[in-house]
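Worksheet: one structure, shown below.
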Amino acid sequence: MDIKPETPWDGTPDISARIVVAISRVSSVLRAGMWEFATAENLNPTQAEILQLLKDRSTGVRLSWLAAQLSVSPASASDSVAALVSKGLVRKARAEDDGRASALWLTDEGKALVGRMMSALGFADDAAAALDTQVKDQLLVGLFKLIAQLQKSERFPALRACLSCRFFEANVDPGSAAPHHCALVKAPLPIAFLRIDCAEHQATDPATERRNWEAFA
467 MDIKPETPWD GTPDISARIV VAISRVSSVL RAGMWEFATA ENLNPTQAEI LQLLKDRSTG
527 VRLSWLAAQL SVSPASASDS VAALVSKGLV RKARAEDDGR ASALWLTDEG KALVGRMMSA
587 LGFADDAAAA LDTQVKDQLL VGLFKLIAQL QKSERFPALR ACLSCRFFEA NVDPGSAAPH
647 HCALVKAPLP IAFLRIDCAE HQATDPATER RNWEAFA
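Note that the numbering used here has the sequence shown beginning at 467, numbered continuously upward.
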């Protein structure tokens, strides 16, 4: 019986698997950079991630939200927050929207440390900035589409993204360079300006958010 010879590409994983591997490797490089910074600042990786998550959040966040973002138990998140409070990097006070609950904010010292952290991770921004403009636009859209697919698995934590914001008006001018609209700034919203984390974000209703993400998926 004749055996058909393999082609040079038979052992190549499919493209979806290679995309996941590439993202994983990029994530590992970024994580290693953050851990290096955290070690130098006498922080553990989880504490560094919490500081990063609190960046630009003027209204404060709940402990339960932090735990969900980090994919850890509330008890584990609480231990890390307590350490950051003792270091003077995070403050804990009554939530502005519910006086019975507590919320978390960065202190001025915490904000300064996060600023240094972002500078330490500047190598990643430099790498992305070096890409051709068209490649950057395509990559951003591709990442939004991937996030939209991951949303279906209910494993992706909540984002302050344009697509989940009440100010986002989808496909106001379909087919144009700026198909969407931002009601906050009252201006057309080009795809290249879509944000994954926006400090002015205000959550829209679940049904609208679902429709927005499904449009990308």
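The beta-carbon is built from N, C-alpha and C at its ideal position, and this holds for glycine as well.
Expected contact under 8 Å - CB spacing of residue i and residue j to nearest Å
i: residue 567; j: residue 528; result: 7 Å
i: residue 496; j: residue 590; result: 6 Å
i: residue 555; j: residue 573; result: 6 Å
i: residue 616; j: residue 660; result: About 16 Å separates the two Cβ atoms, so there is no contact after all.
Distance, residue j Cα to residue i Cα
i: residue 602; j: residue 640; result: 21 Å
i: residue 532; j: residue 644; result: 33 Å
i: residue 540; j: residue 474; result: 50 Å
i: residue 588; j: residue 608; result: 22 Å
i: residue 592; j: residue 586; result: 11 Å
i: residue 526; j: residue 594; result: 30 Å
i: residue 652; j: residue 506; result: 44 Å
Residue j beta carbon less than 7 Å from that of residue i
i: residue 569; j: residue 561; result: yes
i: residue 623; j: residue 534; result: yes
i: residue 611; j: residue 682; result: yes
i: residue 647; j: residue 654; result: yes
i: residue 663; j: residue 621; result: no
i: residue 512; j: residue 490; result: no
i: residue 503; j: residue 583; result: yes
i: residue 650; j: residue 666; result: yes
i: residue 614; j: residue 679; result: yes
Three-pair Cβ contact test at 8 Å for the region 664 to 681 versus the region 626 to 637: Yes, since at least three Cβ pairs between the region 664 to 681 and the region 626 to 637 fall closer than 8 Å, the two stretches touch.
Three or more C-beta pairs below 8 Å linking the region 570 to 584 and the region 601 to 616: In short, these stretches do not touch, since the Cβ pair count stays below three.
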